[in-house]
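Engineer: Below are the structure tokens for one structure; questions will follow.
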Amino acid sequence: MRVLRRVLWLVLFLLLAGLAVVLYYVANPNLPTYQAPDQLHYLDQWSDQERQTYYYTPQGTTVKGLRYEWFTALELPFSRDRFARPEYLARFGFLVDPKQSATPQNPGNLPVGMTRHEDEKTGVHYLDISCAACHTGELRYRGQAVRIDGGAALHSLASTVPTLRGGGFGQALGMSMAFTYYNPLKFSRFAEQVLGERYPEGKDELRRDFKNVLDRLLGTAWNDTHRGLYPTQEGFGRTDAFGRIANSVYGDAISPDNYRVADAPVSYPHLWDIWKFDWVQWNASAMQPMARNVGEALGVGATLHLFQPDGSAVPEAERYASSVRVRDLHTLEETLKRLAPPRWPEEVFGKVDMARASQGRALFAENCAYCHAPHVVPADKRMAPDRDPEWHMRVVPIEEIGTDSTTADNIADHRFDISKLGWTREQLAKLDVKLFDGSLDKIDFKRISSAQGLAYITAFVENQAYKQAGISGEERARMDGFGLPIGVQEKRGYKPRALDGIWATPPFLHNGSVPTLFQLLSPVTERVSQFHVGSFEYDPKFVGFQTTAFPGSFLLDTRIKGNGNGGHEFRDGCRKNGVIGRALSPDERLALIEYLKVLGNPALEGQLTPVEPRPWTPGPSCEG
3 MRVLRRVLWL
13 VLFLLLAGLA
23 VVLYYVANPN
33 LPTYQAPDQL
43 HYLDQWSDQE
53 RQTYYYTPQG
63 TTVKGLRYEW
73 FTALELPFSR
83 DRFARPEYLA
93 RFGFLVDPKQ
103 SATPQNPGNL
113 PVGMTRHEDE
123 KTGVHYLDIS
133 CAACHTGELR
143 YRGQAVRIDG
153 GAALHSLAST
163 VPTLRGGGFG
173 QALGMSMAFT
183 YYNPLKFSRF
193 AEQVLGERYP
203 EGKDELRRDF
213 KNVLDRLLGT
223 AWNDTHRGLY
233 PTQEGFGRTD
243 AFGRIANSVY
253 GDAISPDNYR
263 VADAPVSYPH
273 LWDIWKFDWV
283 QWNASAMQPM
293 ARNVGEALGV
303 GATLHLFQPD
313 GSAVPEAERY
323 ASSVRVRDLH
333 TLEETLKRLA
343 PPRWPEEVFG
353 KVDMARASQG
363 RALFAENCAY
373 CHAPHVVPAD
383 KRMAPDRDPE
393 WHMRVVPIEE
403 IGTDSTTADN
413 IADHRFDISK
423 LGWTREQLAK
433 LDVKLFDGSL
443 DKIDFKRISS
453 AQGLAYITAF
463 VENQAYKQAG
473 ISGEERARMD
483 GFGLPIGVQE
493 KRGYKPRALD
503 GIWATPPFLH
513 NGSVPTLFQL
523 LSPVTERVSQ
533 FHVGSFEYDP
543 KFVGFQTTAF
553 PGSFLLDTRI
563 KGNGNGGHEF
573 RDGCRKNGVI
583 GRALSPDERL
593 ALIEYLKVLG
603 NPALEGQLTP
613 VEPRPWTPGP
623 SCEG
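Here the numbering used here is used: the first residue of the sequence shown is 3, the next is one more, and so on.
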């Protein structure tokens, strides 16, 4: 019996020790170190004022109700150092300026895209993650950094699922909050910082409010984990945007039966020129700018009030109330219209080889322009008569482009039960929604598609938000974007982008599965199947990030579902199954890359020597 007790005690000790080790690594995530660049260069994409407006204008997200002053006062789990120190948040990939300091727009001295908004009813300031957090990039080379406004972020933001492999921001935030709540000394320091003169009288109320937010954050982590919602780890610079929006709107706000596995991470698309497209969402599913932006805000964490705590419907006058800020979203949209594509900074990355770029222009006309040169829609055929120019890009079917289909398949195939909302067709017919695929009569409220359901939910949210803001008539039409309705279409394919400034947006393909432009122009057999992500160090020759392993890096494995790096391939043979062009020699690939460095830069494009391109041909399909 004595021996058995000793064995049991030993087993218990080992279990507790193992739990302590796991807890330590979850609470102390494996992150890259941050080394400030010698100099940060801002490109001439817009004015300094427009840049700051973009960086710190809120959109209405709430991060589970986390207050701004709580976030800035929070300590790390195992020290008194502040969680929100710029140099610590930079380790997650958030962008800071080594010379930055607190300003009226950024009183907490936080990274790009971390801002605040005030609740009009309570006066509470919430931490607000705005669009700039995910759509601003940075490239570093030999101690120099180049900021890419409107570019692709390289942070680890979305994941709340505990992991020992790396550090998601949500995971780390939850652990810091938990250690603050359960450690009396930490909480006392936190409360004194937050309450100021109201300390200690307000400490108990603060503790209750803090616990509510902590429970929501940990509840999300538990829900994501035990349901296995995000099995394909996102790592740095990616998130399953549509999957997370759908789970937020259909699962969190309507019914847990609507949660769907989201295994299709995508890179953050760049934002310059997006206002010119006839279909403004990156996958061509949304036509109205405001609807796209409201949907994005809901997915990132804006509140949506549909049901009471007991499950009953919210009174009709208050239903679809949200924290979405339509005036601020309009400000962001108008500001982004003035964002120019980045121009290759020769003083940092080196001179462009103009002779090689001239050859590359001919190769672009031969191999790329068919999909990537925007078709300018004539004035009499535009979706928005007031939009000049208006660009049309064809949606390339999956069977043609051959890239990883998981994102397109999930959007096309997932269905959701929204019957609990009690919609009628007569009610929906009054909304400013235009279906380009299918009809309202054929919608099944127990199996509605993701895009169609979001279009109608967004319409209700917009109506309520505009009503609360006192906006109607011509002002609303202008803020919607060119007076457009909420148009929606569902294509099992991907929309190509115009390639101005594409050099500034690695990694490549929609899911970030190809590290450099050189590899993207190569046969699949020459693309690496695994590479490390998280370094901002740039390769100006092959155009992409450095991919060698380093402490805190994320290993992206293209053999995992959603991570596939096939398709968009240039090699000899039949033009099918993702082969879209002839094989390019290494010299031709480098020439095409040199041209992509100057594309959209009139000063450099004007210096190119004319080279006659070969006529574009789709090549043999080898059918049969």
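For every residue, glycine included, the Cβ atom is placed at its ideal position computed from N, Cα and C.
Buried or exposed, going by whether 16 or more other CB atoms sit within 10 Å of the CB of Cys-576?
Structural biologist: Exposed, because fewer than 16 other Cβ atoms sit within 10 Å of the Cβ of Cys-576.
Engineer: Near Pro-291, what residues of its chain come up, given a Cβ to Cβ distance below 6 Å and the 5 sequence neighbours on each side ignored?
Structural biologist: Excluding sequence neighbours, Pro-291 sits near Val-282, Glu-335 and Gly-483.
Engineer: Pick from Lys-563, Phe-366 and Ile-562: whose alpha carbon is nearest that of Glu-596?
Structural biologist: Measuring from the Cα of Glu-596, the nearest candidate turns out to be Phe-366.
Engineer: For Arg-93, which residues of its own chain have a beta-carbon under 8 Å away from its beta-carbon, when the five flanking residues on both sides are left out?
Structural biologist: Taken in chain order, the residues that qualify are Leu-33, Pro-34, Thr-35, Tyr-36, Gly-169 and Gly-554.
Engineer: Check this for me: beta carbons of Val-126 and Arg-210, under 9 Å apart or not?
Structural biologist: The answer is no: Cβ separation not under 9 Å.
Engineer: For Thr-518, does the three-state DSSP call read helix, strand or coil?
Structural biologist: Note: Thr-518 maps to strand in three-state DSSP.
Engineer: By how many angstroms is the C-alpha of Gln-146 removed from the C-alpha of Asp-259?
Structural biologist: Approximately 49 Å between the Cα atoms of the pair.
Engineer: For Pro-380, which of Asp-439, Asp-280, Gly-475 and Pro-399 has the nearest alpha-carbon?
Structural biologist: Ranking the options by Cα distance to Pro-380, first place goes to Asp-280.
Engineer: Taking the alpha-carbon positions, what's the Asp-242 to Leu-159 distance?
Structural biologist: Going by the C-alpha atoms only, they are around 11 Å apart.
Engineer: So the candidates are Thr-426, Lys-493 and Pro-387; which of them puts its Cα closest to the Cα of Val-397?
Structural biologist: Closest option to Val-397, Cα to Cα, is Lys-493.
Engineer: Is it right to say Cys-133 is buried, meaning 16 or more other beta carbons lie within 10 angstroms of its own, or is it exposed?
Structural biologist: Buried, by the Cβ-count rule.
Engineer: I want to see whether chain C comes within less than 9 Å of Pro-498, judged by CB atoms only; does it?
Structural biologist: No chain C appears in this structure, which consists of one protein chain only.
Engineer: Count Cβ pairs between the segment 420-435 and the segment 522-535 that sit closer than 8 Å; are there 3 or more?
Structural biologist: The segment 420-435, when compared against the segment 522-535, does not touch it at the 8 Å Cβ threshold.
Engineer: In the structure shown, what three-state DSSP assignment does Gln-548 receive?
Structural biologist: Correct three-state label for Gln-548: coil.
Engineer: Straight-line CA distance for Gly-237 to Ser-269?
Structural biologist: Answer to the nearest angstrom: the Cα atoms are 10 Å apart.
Engineer: Pick out whichever of Phe-171, Gln-310 and Pro-106 has its Cα sitting closest to the Cα of Phe-73.
Structural biologist: Of the candidates Phe-171, Gln-310 and Pro-106, the one whose C-alpha sits nearest the C-alpha of Phe-73 is Phe-171.
Engineer: Between which residues of its own chain and Ala-29 is the CB-CB distance below 6 Å, once the five residues before and five after are set aside?
Structural biologist: The answer, listed in chain order, is Pro-79 and Met-177.
Engineer: Using 9 Å as the threshold, is the C-beta distance between Gly-239 and Val-535 below it?
Structural biologist: Contact flag set, yes.
Engineer: Identify which residue in Lys-578, Asn-513, Leu-586 and Asn-567 has its Cα closest to the Cα of Phe-244.
Structural biologist: Of the listed residues, the one whose Cα sits closest to Phe-244 is Asn-513.
Engineer: For the alpha helix (DSSP H) holding Gln-361, just list the boundary residues, first then last.
Structural biologist: Looking at the DSSP string, the run of the alpha helix (DSSP H) that includes Gln-361 is 356-369.
Engineer: Note down the Cα distance separating Tyr-201 from Thr-64, rounded to an integer number of angstroms.
Structural biologist: Distance between the alpha carbons of Tyr-201 and Thr-64 is about 25 Å.
Engineer: Using the beta-carbon count (16 or more within 10 Å), is Val-378 buried or exposed?
Structural biologist: Exposed: under 16 other Cβ atoms inside 10 Å.
Engineer: Which first and last residues belong to the alpha helix (DSSP H) in which Val-296 is found?
Structural biologist: Counting along the chain, the alpha helix (DSSP H) containing Val-296 begins and ends at 291-302.
Engineer: What ranges does the beta strand (DSSP E) occupy inside the segment 415-479, keeping only unbroken runs of at least 3 residues that lie completely in it?
Structural biologist: DSSP runs (the beta strand (DSSP E)) wholly in the segment 415-479: 435-437.
Engineer: Below 8 Å on the Cβ atoms is my guess for Ala-636 versus Glu-607; work out the distance and round it to an integer in Å.
Structural biologist: No information on residue 636 is available, as it lies outside the stretch 3 to 626 that the chain covers here.
Engineer: Compare the C-alpha of His-374 against each of Ala-500, Val-196 and Ala-431 and name the closest.
Structural biologist: That would be Ala-500, whose Cα lies nearest to the Cα of His-374.
Engineer: Span of the alpha helix (DSSP H) holding Val-196?
Structural biologist: Looking at the DSSP string, the run of the alpha helix (DSSP H) that includes Val-196 is 186-197.
Engineer: Taking the Cβ atom as the reference point for each residue, do Leu-564 and Thr-234 lie within a distance shorter than 9 Å?
Structural biologist: According to the sequence provided, residue 564 is Gly. The question's Leu does not apply to it. Against a cut-off of 9 Å, the Cβ pair of Thr-234 and Gly-564 comes out as a contact.
Engineer: Exposed or buried, which one is Asp-389 when buried takes at least 16 other CB atoms within 10 Å?
Structural biologist: Going by the sequence as given, residue 389 is Arg instead of Asp. Arg-389 is buried by the Cβ-count criterion.
Engineer: By alpha-carbon positions, which one of Ala-431, Leu-442 and Ile-450 ends up nearest to Lys-417?
Structural biologist: Reading the sequence as shown, one finds Arg at residue 417 and not Lys. Arg-417 has its Cα closest to that of Ile-450, out of Ala-431, Leu-442 and Ile-450.
Engineer: According to the Cβ coordinates, are Phe-538 and Arg-142 closer than 9 Å?
Structural biologist: In contact: Phe-538 and Arg-142 (Cβ atoms closer than 9 Å).
Engineer: Please state the DSSP three-state secondary structure of Gln-54.
Structural biologist: In this structure, Gln-54 counts as helix in the three-state DSSP scheme.
Engineer: Beta-carbon separation of Phe-547 and Tyr-540 under 9 Å?
Structural biologist: In this structure, Tyr-540 lies closer than 9 Å to Phe-547 by Cβ.
Engineer: Measure the CB-CB distance between Gln-609 and Met-356 and report whether it falls below 9 Å.
Structural biologist: Cβ distance < 9 Å, so Gln-609 and Met-356 count as in contact.
Engineer: Between which two residues does the alpha helix (DSSP H) holding Val-350 run?
Structural biologist: Here the alpha helix (DSSP H) through Val-350 covers 348-351.
Engineer: For Glu-528, which residues in the same chain have their Cβ closer than 8 Å to its Cβ, ignoring the five residues on either side in sequence?
Structural biologist: The residues are Gln-521.
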